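Residue numbers (our numbering), protein chains in the order written: chain A, 794 to 1009; chain B, 794 to 1009. One structure below.
Number of protein chains: 2
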Amino acid sequence: MRMAELSRRTGVPVPTIKYYLREGLLLPGERTSPNQAFYDDSHVRRLKMIRALAEVGGLPIAKVRDVLDAVDSPESPFDVLGKVQHSIEPPSIDGEGEHWDKAREHVLQVLEPRGWKIDLADPPARTLVAALAMLYELDREDLVGLVERYADAAEHVAEVDVAKVTRGRGLEDVIEGVVIGTVLGEKMFGALRRLAHQYVTAKVLGVDPNASWQRE
Amino acid sequence: MRMAELSRRTGVPVPTIKYYLREGLLLPGERTSPNQAFYDDSHVRRLKMIRALAEVGGLPIAKVRDVLDAVDSPESPFDVLGKVQHSIEPPSIDGEGEHWDKAREHVLQVLEPRGWKIDLADPPARTLVAALAMLYELDREDLVGLVERYADAAEHVAEVDVAKVTRGRGLEDVIEGVVIGTVLGEKMFGALRRLAHQYVTAKVLGVDPNASWQRE
């Protein structure tokens, strides 16, 4: 198909497709003349993936490229998971002092007995430590215990994720599932947690959510 | 205290403090001379909040201001929750067509029987619909069922969150807890989900995480 048709089938505007081609996110089509190229279903699928990762997953273009590189290189799902996690984790601040030491200690104390292998230099561990250090700095030790409770729920969610994803129709499917599950899954869970906050808060405080800001 | 001391006590550099003052995130100190102002503990605390929301929560400065405005205005925790959710939700794409219709229908079908009041125009609902529409577009209906399983875990997490936060030492504490819980809690859960992915994937695939990318 020509680029116009590719745009129609994916909903991605032609200038955006050209931008993705220039940035190397999308492989060039097969040249049929100096000004024309042909695209196939692999381009349709790739564009849909880019859209899911960038427009819904919120990843910057450079990170979309990193993530798609991981999909393209034939590695084990575990290695792809590591690469994707390294690519998408926003840079986390680091700190020294009492609150940061307590945060690091708490992460190891809670997670190691669960059998999780924790490397404090690993991006998600750094994010967790930074968030906890902020709680200690804000003198909100009452919220630190959330880590334990969240860890239970996170392990449950991860078991569901891994069961679903490893049931894929082949390695390519599994790898794609790792990427989609990591990026879109996080968006989905975050949104559901916020919707659940509305429901539970309204229930606990005896508020009628219909009468309030939701319907404004 | 002078600004230098405020900087020392919070770890926020003086130019950054000046930037926050210009942007109206931080109230001016009490002027003691044309070139000097005095700051107190309320400034220390506010700077720590800004740091937690911006540097760890990843919120842009304009959103930090919106969130802090919600904290400053004396409203019910439920209204603050709504304002904070509206402020922090990244803009979500919207779409038409079969996949988007199925996504909207699925969200209502799964969440309404749980008793959650779902308004599809509400920011987190829009995010959820967009993520699901991408799964349908990518022909990954095998992953759509994650919504049900995530909803269980999200409701559990929200119950823990609300119980912890409403146990605050007063309305101010509760409101601050809503903000911190929404922003830092999401970071914490996301990081824990990724750490759990490593653990569960290694377990399921029989990989030794220590031998792999984590220790590279």
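Built from N, CA and C at the ideal position, the CB exists for glycine as well. Computed from a prediction, not measured in an experiment: that's the story for all the values here.
Secondary structure note for A/E898: its alpha helix (DSSP H) is the uninterrupted segment 891 to 904. Within 10 angstroms of the beta-carbon of B/E930 lie 16 or more other beta-carbons, which makes it buried. Within its own chain, the residues whose Cβ lies closer than 8 Å to the Cβ of A/L874, once the five positions on either side in sequence are excluded, are V971, T975, listed in chain order. Here A/A847 has V857 as same chain residues with Cβ atoms under 6 Å from its own Cβ, once five neighbours each way along the sequence are excluded. Listed in chain order, the positions of the segment 900 to 915 of chain A with a beta carbon within less than 8 Å of a beta carbon of chain B are L904, R907, G908, W909, K910, I911, D912, D915. DSSP lists no bridge partner for B/Q878.
The C-alpha of B/I911 lies about 49 Å from the C-alpha of A/N828.
Between B/P916 and B/H879, the CB-CB gap stays under 8 Å. Residue nearest to B/S869 within the set B/D966, B/T809, B/E882 is B/D966 (criterion: CA-CA distance). For B/A797, the enclosing alpha helix (DSSP H) covers residues 796 to 803. In the three-state reduction of the DSSP assignment, A/E816 falls in the coil class, being assigned neither a helical nor a strand state.
Using a CB distance cut-off of 8 Å, B/P853 does not count as an interface residue toward chain A.
Check the Cα spacing between A/L985 and each of B/V837, B/A946, B/E969: the tightest is with B/A946.
A residue is called buried when at least 16 other Cβ atoms come within 10 angstroms of its Cβ; B/A863 meets this threshold and is buried. The segment 796 to 805 of chain B makes no contact with the segment 881 to 894 of chain B, as fewer than three CB pairs between them are under 8 Å. Judged by pairs of C-beta atoms under 8 Å, the segment 836 to 844 of chain A touches the segment 800 to 808 of chain A, as three or more such pairs exist. About 5 Å separates the CB atoms of A/G851 and B/P883; that is less than 8 Å, so the two are in contact.
A distance below 8 Å between beta-carbons, with the five flanking residues on each side excluded, links B/E905 to the following residues of its chain, in chain order: I911. For the pair A/R987 and A/F831, the Cα-to-Cα distance works out to about 44 Å. With contacts defined as CB atoms closer than 8 Å, B/V860 and B/I881 qualify as a contacting pair.
The Cβ of B/I886 sits closer than 8 Å to at least one Cβ of chain A. Around the C-beta of A/G978, 16 or more other C-beta atoms lie within 10 Å, and the residue is accordingly described as buried. For B/I973 against A/R942, the beta-carbon gap comes to about 15 Å, at or over 8 Å, which does not count as contact. Judged by their CB atoms, B/H990 and A/V955 are nearer to each other than the 8 Å cut-off. With a 10 Å radius around the Cβ and a threshold of 16 neighbouring Cβ atoms, A/S866 comes out exposed. Each residue's CA atom was taken as its position, placing B/L928 and B/L936 some 7 Å apart.
Among the bridge pairs identified by DSSP, A/Q991 is matched with none. Within chain B, no C-beta atom comes nearer than 7 Å to that of A/Q829; the closest sits roughly 27 Å away. Non-local C-beta neighbours of A/I886 in its own chain, meaning closer than 7 Å and more than five positions away in sequence, comprise A923, ordered along the chain.
Per DSSP, the continuous alpha helix (DSSP H) segment holding B/R844 begins and ends at 834 to 844.
Within the same chain, and ignoring the five residues on either side of A/T825 in sequence, the residues whose Cβ sits closer than 6 Å to its Cβ are F831.
At a cut-off of 8 Å between beta-carbon atoms, A/A944 makes contact with chain B. Going by DSSP, A/E823 is part of the beta strand (DSSP E) stretching over 823 to 826. A Cβ-Cβ distance of about 6 Å is found for the pair A/V900 and A/A918, placing them in contact under the 8 Å criterion.
For a cut-off of 8 Å, the C-beta gap from A/H836 to A/G817 is around 14 Å, too long to register as a contact.
Within 10 angstroms of the beta-carbon of A/E969 lie 16 or more other beta-carbons, which makes it buried.
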